[in-house]
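Okay, so the sequence shown: first residue is 1 according to the numbering used here, each after it adds one.
Note that the Cβ used here is the ideal one computed from N, Cα and C, for glycine as well.
Heads up, the thing below is written out as structure tokens.
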Amino acid sequence: MPEFRCISIDQPYAYLIAVGAKTIEVRSWKTRHRGPLVIAATARSWSADTEEGTRLTLPGGLAVGIVDLVDVRPFLREDVEAAYMLEEDYEEGYFAWVLEKARPIRPFPIRGQQGLYRCTFDPEYITPDELDALLVKETPSSGKSRSR
Numbered sequence: 001m002p003e004f005r006c007i008s009i010d011q012p013y014a015y016l017i018a019v020g021a022k023t024i025e026v027r028s029w030k031t032r033h034r035g036p037l038v039i040a041a042t043a044r045s046w047s048a049d050t051e052e053g054t055r056l057t058l059p060g061g062l063a064v065g066i067v068d069l070v071d072v073r074p075f076l077r078e079d080v081e082a083a084y085m086l087e088e089d090y091e092e093g094y095f096a097w098v099l100e101k102a103r104p105i106r107p108f109p110i111r112g113q114q115g116l117y118r119c120t121f122d123p124e125y126i127t128p129d130e131l132d133a134l135l136v137k138e139t140p141s142s143g144k145s146r147s148r
């Protein structure tokens, strides 16, 4: 069974990375690791109300994808969009982890840790649509707009 380096990331960002939408992860620290990196959602689930009156929920505590970490460099103002951040959240002194080749995997429970950590498993690659079907839960909205 192959061994991978893993990183825990809050939802919805873990999901966005796994489907290839978020291509920059911003961190306060660098790593020398380059290559495959398992994206694990932290234990906390996330939910938000949509404009269409439904509530989307993404579960936590699951490995959801593998990406290639191809570079770690200073975080630049022009990285904000790829990092799924607001312009006013930009701050110097952070590092942009450049992510490519997102590959969703069949989610499985994983205990997250701080920093990079190791996990061993045989990945089962799936499509972004399959990941949606397995992860994204849509329910009627309660009318309260909040994210956790």
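- Using a C-beta cut-off of 8 Å, the region 83 to 93 makes no contact with the region 59 to 67, since fewer than three inter-stretch Cβ pairs fall below that distance.
- For Arg32, the closest of Glu130, Trp97, Thr127, Pro12 by C-alpha to C-alpha distance is Trp97.
- In this structure, Ala48 places its C-beta atom within 7 Å of the C-beta atom of Leu56.
- Residue range 95 to 109 is occupied by the beta strand (DSSP E) that includes Glu100.
- In the pairwise beta carbon analysis, the region 2 to 21 is classified as touching the region 95 to 110: at least three pairs are separated by under 8 Å.
- Beta-bridge partners assigned by DSSP to Lys137: Thr57.
- The residue among Tyr94, Phe121, Gln114, Cys119 with its C-alpha nearest the C-alpha of Trp29 is Tyr94.
- At a Cβ-Cβ threshold of 7 Å, Ile126 and Ala40 do not count as neighbours.
- Closest by C-alpha distance to Cys6, out of Arg34, Glu91, Glu130, is Arg34.
- Taking each of Ile9, Gln11, Glu25, Val67 in turn and checking the Cα distance to Pro36, the smallest one comes out for Val67.
- A check of alpha carbon separations from Arg77 across Asp71, Glu91, Val70 identifies Glu91 as the nearest.
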